[in-house]
Amino acid sequence: KIRKNCGTICLLFCRKIKEILMKNKKNQSPTLSEGESNNSKKRAEWEAKTHNVETRAILDEDSRYFLSQAVSSPCLSVVTKAEGAYIEDTNGRRYLDFHGNNVHHIGYGHPKLKKAIAEQMDALPFAPRRFACEPALALAKKLVEIAPGELSKVLFTTGGSDAIEVALKIARAATGRHKTISFWDAFHGAGFGAASIGGEQFFRSHVIGPLLSGTEHVAPFACYRCPYGYPDLNGEAQLEICKTTCANFVRYVLEKEGDVAAVIAEPARAVPYLPPPGYWKMVRQACNDYGALLIFDEIPTGLGKTGKMFACEHDEVVPDILVLGKALGGGILPIAAVLAKAELDVGGEFAFGHYTHEKNPVTAKAALTTIEIIEQEGLVENAAVLGKYMLEKLNLLKAEHPSIGDVRGRGLLIGVDLVLNQEEKTPADDLAEDVLYRCLSKGLSFKITMGNVLTLTPPLIITKTQIDLSLSIIEESLSEAEEASGLV
3 KIRKNCGTIC LLFCRKIKEI LMKNKKNQSP TLSEGESNNS KKRAEWEAKT
53 HNVETRAILD EDSRYFLSQA VSSPCLSVVT KAEGAYIEDT NGRRYLDFHG
103 NNVHHIGYGH PKLKKAIAEQ MDALPFAPRR FACEPALALA KKLVEIAPGE
153 LSKVLFTTGG SDAIEVALKI ARAATGRHKT ISFWDAFHGA GFGAASIGGE
203 QFFRSHVIGP LLSGTEHVAP FACYRCPYGY PDLNGEAQLE ICKTTCANFV
253 RYVLEKEGDV AAVIAEPARA VPYLPPPGYW KMVRQACNDY GALLIFDEIP
303 TGLGKTGKMF ACEHDEVVPD ILVLGKALGG GILPIAAVLA KAELDVGGEF
353 AFGHYTHEKN PVTAKAALTT IEIIEQEGLV ENAAVLGKYM LEKLNLLKAE
403 HPSIGDVRGR GLLIGVDLVL NQEEKTPADD LAEDVLYRCL SKGLSFKITM
453 GNVLTLTPPL IITKTQIDLS LSIIEESLSE AEEASGLV
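Everything in the sequence shown is counted per my numbering, starting at 3 for the first residue and increasing by one.
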C-alpha cells in the first residue's frame, strides 16, 4: 500500500512538472508569484474609475522615463503622503497600508526616527569606508544583543539583495564549497547571486541568461498545497502520513550532492506559508550532518513581523548566518545586515562587501533607532496579540465564505488563500484580483502573491480599531466579488 501511494505521488509530481513546462512553452510570460499583474483588465477598469487627470499625467511620465519590469510598472497610483499606517495618493484617497514592502514596521515617518536622522546628519553625515564610526558600531552591538544564539559578527549593506550575496560569499569562504540548496517560489533579491538561489520566474527569466552554477533547488514546505502530493490534514495526523517529506528531501539532496556550502531559506515564507512542526530542526540536523551552513533570510520577517523578534525563534533553531533588511531602516533609509557566527570570520584577506555606504552613520543611526522604537513601544508583542486576533477573525470568515480555502500566518504575516472550490483547492486568481481592487476602492491596500493569496502584512504599530476596519473592508469586498462571480 505504501509503495502504491509513493508511486502515485511520484506520478503526480511528474505530471505537474510536465504541465508547468508545457504551459511555459506556450506562454513565456512567468507565472504570478511576487505580486498581481499590472496590466490586467481589472487594473485598467479600476484606474479608469479612480484616477484623476493629475494622477494619469504623472503615471504617463513615470512610464516614459523608467525601464519597464514585472510587478513594478506601470505603477498602481501616485503616492503623495505616507504617515503612520497610511499612505495617500494624488486622487486624495487614503489607504490603510497592509503591504508597505514590509519596511513599515514602525509606521511611516515616525517622529523619533526623523529626529534621530536629522541629528545624525548634523553630527556626522558620512564616514569614508576605511574609518570606524560610533553609530555603526552601536548598531552592530545592538544586533548582536538581540540576535538569536551566538551570532556575533556583523556586516552592513545598503539592501537585502546585497546582504544575501555577502552571506553566500561567507559560506563559500568558510566551507570551501560553492553549491547551495534553496527553494522554488522563494525570493531572496534581484542580484545575480540572489536571483540564482531565488525560485521565482520573474527573477530567473530566460532573457537574463545563465545564473550561478551549483544553485540546487527543491520544492518548499507548503502544506495546504503540498508539492509532494500529500493531503493537508494539519498537526500530528499530517506528519504521521507525510513524515515531513519536505525536510527529508533537503537531507536527500545534501547527501547526494555531498559538497553543499549552505542551505538558504526564509524561516517563514513570505507567501506566506509556515513550516510544519519540527521542519527546521530536521533541516538544521541535516546541515550539521553534511557540513553545510544554514542561512536564514529574515529580510521580510525579522524585527517582529511574526510576533517574535525573529521568525526562526518560533522554531527554536539558530542559523549560522542571518540576513536582515527592509524594516531595518525604519521605512526611510535603505540598510541591511548580515549576522554570522564568530567561527565564520574567515575572510580577512578578502572583501565580502566593502560597500561605499557599508558603515554610513546616518543609515546606521536610523536602524539603531528603529530597533529601539520596536522595543520601547512593545511592537513585537503588539504583532503577536493583534496577529492572533486577526487570524481568529479571518478563520470565522472562512467558515462563511466558500471562496476562502485557507487562512494561515503568524503575527502580522497573514495570507488568505482564495479558491474556486474548497475541495479541489483550485486557485481563484480572478476573484483575488477583484477583491484587491474593491478593497483599494474602500481604502485598504495589500498585495496578492502566487496569483490568489491575499497577503496581509500590516505595520507593527497597527491598532485593533484599524484591524477591525480592514476586516470589514475585506468581508464586504469578498462578498461583492463572490456574488459578481457567481460563487454564491
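For every residue, glycine included, the Cβ atom is placed at its ideal position computed from N, Cα and C.
These numbers come from a predicted model, not from an experiment.
Exercise. Beta carbon of D187, beta carbon of V273: below 8 Å?
Worked result: yes
Exercise. What separation, rounded to the nearest whole angstrom, lies between the Cα atoms of L326 and I297?
Worked result: In this structure, the CA atom of L326 is about 11 Å from the CA atom of I297.
Problem set entry | Rounded C-alpha distance that separates V168 from R179 | 15 Å
Exercise. Which residues mark the beginning and the end of the beta strand (DSSP E) in which L213 is found?
Worked result: That residue, L213, is in no beta strand (DSSP E); it is neither H nor E in DSSP.
Problem set entry | T451 to A401 span [Cα, whole Å] | 22 Å
For this session: Name the residue from A366, E485, N384 whose alpha carbon lies nearest to the alpha carbon of T159.
Result: A366
Exercise. What separation, rounded to the nearest whole angstrom, lies between the Cα atoms of L139 and A129?
Worked result: 12 Å
Exercise. Is E318 helix, strand or coil when you go by DSSP?
Worked result: E318: coil per DSSP, three-state reduction.
Problem set entry | Length of the line joining the Cα atoms of T428 and V421 | 5 Å
Exercise. Thinking C-alpha only, which one of D432, V319, G309 is nearest N384?
Worked result: G309
Problem set entry | Residue environment, M311, which counts as buried when at least 16 other CB atoms sit within 10 Å | It counts as buried.
Exercise. For G389, is the classification buried or exposed, using 16 other Cβ atoms within 10 angstroms of its Cβ as the cut-off for buried?
Worked result: buried
Exercise. Whose C-beta lies closer than 7 Å to the C-beta of C225 among residues of the same chain, with five residues either side of it excluded?
Worked result: D234, Q240, P278
Exercise. Is there contact between the segment 430-446 and the segment 475-486, where contact requires at least three CB pairs shorter than 8 Å?
Worked result: yes
Problem set entry | Host beta strand (DSSP E) of F448 (start-end) | It is not in any beta strand (DSSP E) - F448 carries neither H nor E in the DSSP assignment.
Exercise. Who are the Cβ neighbours of G306 in its own chain at under 7 Å, not counting the five residues just before and after it?
Worked result: H107, I376, L381, V382, A385, L462
Problem set entry | Distance, L213 Cα to R206 Cα | 8 Å
Problem set entry | Segment contact flag, the segment 283-295 with the segment 246-259, C-beta cutoff 8 Å, min 3 pairs | yes
Problem set entry | V437 - DSSP class collapsed to helix/strand/coil | helix
For this session: Would you tell me roughly how many angstroms separate the C-alpha atoms of F100 and E425, rounded to the nearest one?
Result: 29 Å
Problem set entry | the segment 104-121 contacting the segment 331-345, beta-carbon criterion three pairs below 8 Å | yes
For this session: Please determine if the segment 341-349 and the segment 145-153 are in contact, where contact requires at least 3 C-beta pairs separated by less than 8 Å.
Result: yes
Problem set entry | P460 versus F352 - alpha carbon distance | 40 Å
Exercise. Hey, would you say K449 sits closer than 8 Å to I475, going by beta carbons?
Worked result: At a Cβ-Cβ threshold of 8 Å, K449 and I475 do not count as neighbours.
For this session: Quick one: residues in its chain with C-beta nearer than 6 Å to the C-beta of L170, no 5 flanking neighbours on either side, listed in chain order?
Result: G195
Problem set entry | Other residues of its chain near K27: CB distance less than 7 Å, five sequence neighbours each side excluded | Confidence at K27 is low in this model, with a pLDDT of 48, below 50, so the placement of that residue should be treated as unreliable; the coordinate-derived value is given next. Closer than 7 Å at the Cβ level, and outside the excluded window around K27, lies no residue.
Exercise. Rounded C-beta distance between S35 and Q203? I'm assuming under 8 Å.
Worked result: 7 Å
For this session: Determine the extent of the beta strand (DSSP E) in which S154 is found, giving its start and end residues.
Result: 153-159
Problem set entry | Start-end ranges of the beta strand (DSSP E) lying completely within the segment 261-345, minimum 3 residues | 262-267, 295-299, 323-326, 338-343
Problem set entry | P127 classed as buried or exposed, judged by whether at least 16 other C-beta atoms fall within 10 angstroms | exposed
Exercise. What is the rounded straight-line gap between the Cα of I469 and the Cα of A134?
Worked result: In a straight line, the C-alpha of I469 is about 43 Å away from that of A134.
Exercise. Using DSSP with H/G/I as helix, E/B as strand and the rest coil, what is K400?
Worked result: helix
Exercise. Mind checking D419: buried by the 16 CB within 10 Å criterion, or exposed?
Worked result: buried
Exercise. Name the DSSP beta bridge partners of A89, please?
Worked result: One detail in the question is off: residue 89 reads as Ile in this sequence, not Ala. Note: I89 sits in a beta bridge opposite A84, Y97.
Exercise. Looking only at C-alpha atoms, which of H316, D261, T303, P302 sits nearest to C289?
Worked result: D261
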